[in-house]
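Notes follow once the structure below has been shown.
Residue numbers (the numbering used here): 18 to 189.
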């Protein structure tokens, strides 16, 4: 933060939230297997083309979940999201599905890190975990392949006129 263009007040808030974050999750039992893990998976190949899906996973590890009277450990991927206002991200999106398929993980977790000045530390840190059925992941792959072929055939990226996200209308 020392060499950033942030104001002194913003730097102080981020440093304070970082310390609060460490204290908030101090008793957590997640096991880290990797951070900033890049991947490239082949979605399709024929004699003339190969379609790859690529990304970089913020965190991959093991998360233990209580199911009934048992504790079960699952491979999990996590994406860190800073936010200046509380807003949940739609779970059935390309990033989430791609990370699950690429990693073979069972769970996806959004790790929200709040930068709101008026919130207490416990209000600034929250997580949402998602688990998807095989049919949902297969449908995502089928849809992704459809779009890859469409882009390849049309030689241009097709806009989606019905997506809206956290920051308003999506430009794609």
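In this text, a Cβ means the ideal position worked out from N, Cα and C, and glycines have one as well.
Q. Who does residue 164 pair with in a DSSP beta bridge?
A. Looking up residue 164 in the chain shown gives position 147. For residue 164, no pairing in a beta bridge is given by DSSP.
Q. Using the C-alpha atoms, what's the distance from residue 167 back to residue 44?
A. Locating residue 44 in the chain shown gives position 27, counting from the first residue. Locating residue 167 in the chain shown gives position 150, counting from the first residue. Approximately 48 Å between the Cα atoms of the pair.
Q | The beta strand (DSSP E) enclosing residue 106, as first and last residue numbers | A | Here residue 106 refers to the residue found at position 89 of the chain shown. Residue 106 -> no beta strand (DSSP E), and no H or E assigned at all.
Q: Could you spell out the range, first to last residue, of the alpha helix (DSSP H) harbouring residue 140?
A: One-based indexing of the chain shown puts residue 140 at position 123. Here the alpha helix (DSSP H) through residue 140 covers 138–141.
Q: Compare the beta carbon distance of residue 93 and residue 119 with 7 Å and say whether it is the shorter of the two.
A: By 1-based counting over the chain shown, the position of residue 93 is 76. By 1-based counting over the chain shown, the position of residue 119 is 102. No, the pair does not count as a contact, with Cβ atoms beyond the cut-off.
Q: Would you decide whether residue 117 is buried or exposed? Buried here means 16 or more other CB atoms lie within 10 Å of its CB.
A: One-based indexing of the chain shown puts residue 117 at position 100. With 16 or more other Cβ atoms within 10 Å, it is buried.
Q | Limits of the beta strand (DSSP E) - the one that residue 32 falls within | A | For this step, residue 32 is matched to residue 15 along the chain shown. Note, residue 32: premise wrong, no beta strand (DSSP E); alpha helix (DSSP H) at 25–41.
Q) How many Å lie between residue 134 and residue 51 at the Cα? A) Here residue 134 corresponds to residue number 117 of the chain shown, with the count starting at 1. Here residue 51 corresponds to residue number 34 of the chain shown, with the count starting at 1. Their Cα atoms are separated by approximately 31 Å.
Q. Roughly how many whole angstroms lie between the Cα atoms of residue 88 and residue 46?
A. Position 71 of the chain shown, counted from the first residue, corresponds to residue 88. Position 29 of the chain shown, counted from the first residue, corresponds to residue 46. One C-alpha to the other measures close to 12 Å.
Q: With DSSP as the reference, label residue 59 as helix, strand or coil.
A: Residue mapping note: residue 59 aligns to position 42 of the chain shown, counting from 1. Under the three-state reduction of DSSP, residue 59 is assigned to strand.
Q. Is the beta carbon of residue 56 sitting closer than 7 Å to the one on residue 108?
A. On the chain shown, residue 56 is found 39 positions in, with the first residue counted as 1. On the chain shown, residue 108 is found 91 positions in, with the first residue counted as 1. It is not a contact, given that the beta carbons lie outside the stated cut-off.
(Q) Can you tell me whether residue 66 is helix, strand or coil according to DSSP? (A) For the purposes of this step, residue 66 is taken as residue 49 along the chain shown, with counting starting at 1. Residue state, collapsed to three classes: coil.
Q | Pair within 7 Å by beta-carbon distance, residue 98 and residue 124 | A | As a working mapping, residue 98 is identified with position 81 in the chain shown. As a working mapping, residue 124 is identified with position 107 in the chain shown. Not a contact, by the Cβ cut-off of 7 Å.
Q | Which residues DSSP lists as bridging residue 99, in chain order | A | By 1-based counting over the chain shown, the position of residue 99 is 82. Answer is 130.
Q.
Considering Cα atoms alone, identify which of 96, 142 and 30 is closest to residue 103.
A. The residue labelled residue 103 in the question sits at position 86 within the chain shown. If we check each option's Cα against that of residue 103, 142 comes out closest.
Q. What is the residue span of the alpha helix (DSSP H) that residue 120 lies within?
A. The residue given as residue 120 occupies position 103 in the chain shown. Element bounds for residue 120: 111–120.
Q | With 16 other Cβ atoms within 10 Å as the buried cut-off, status of residue 36 | A | Sequence index remark: in the chain shown, residue 36 carries index 19 (1-based). By the beta-carbon neighbour count (other beta carbons within 10 angstroms, threshold 16), residue 36 is exposed.
Q. So residue 105 and residue 145 are in contact, right, with Cβ under 8 Å, and what is the actual spacing, rounded?
A. Translated into positions along the chain shown, residue 105 becomes position 88. Translated into positions along the chain shown, residue 145 becomes position 128. For a cut-off of 8 Å, the C-beta gap from residue 105 to residue 145 is around 6 Å, short enough to register as a contact.
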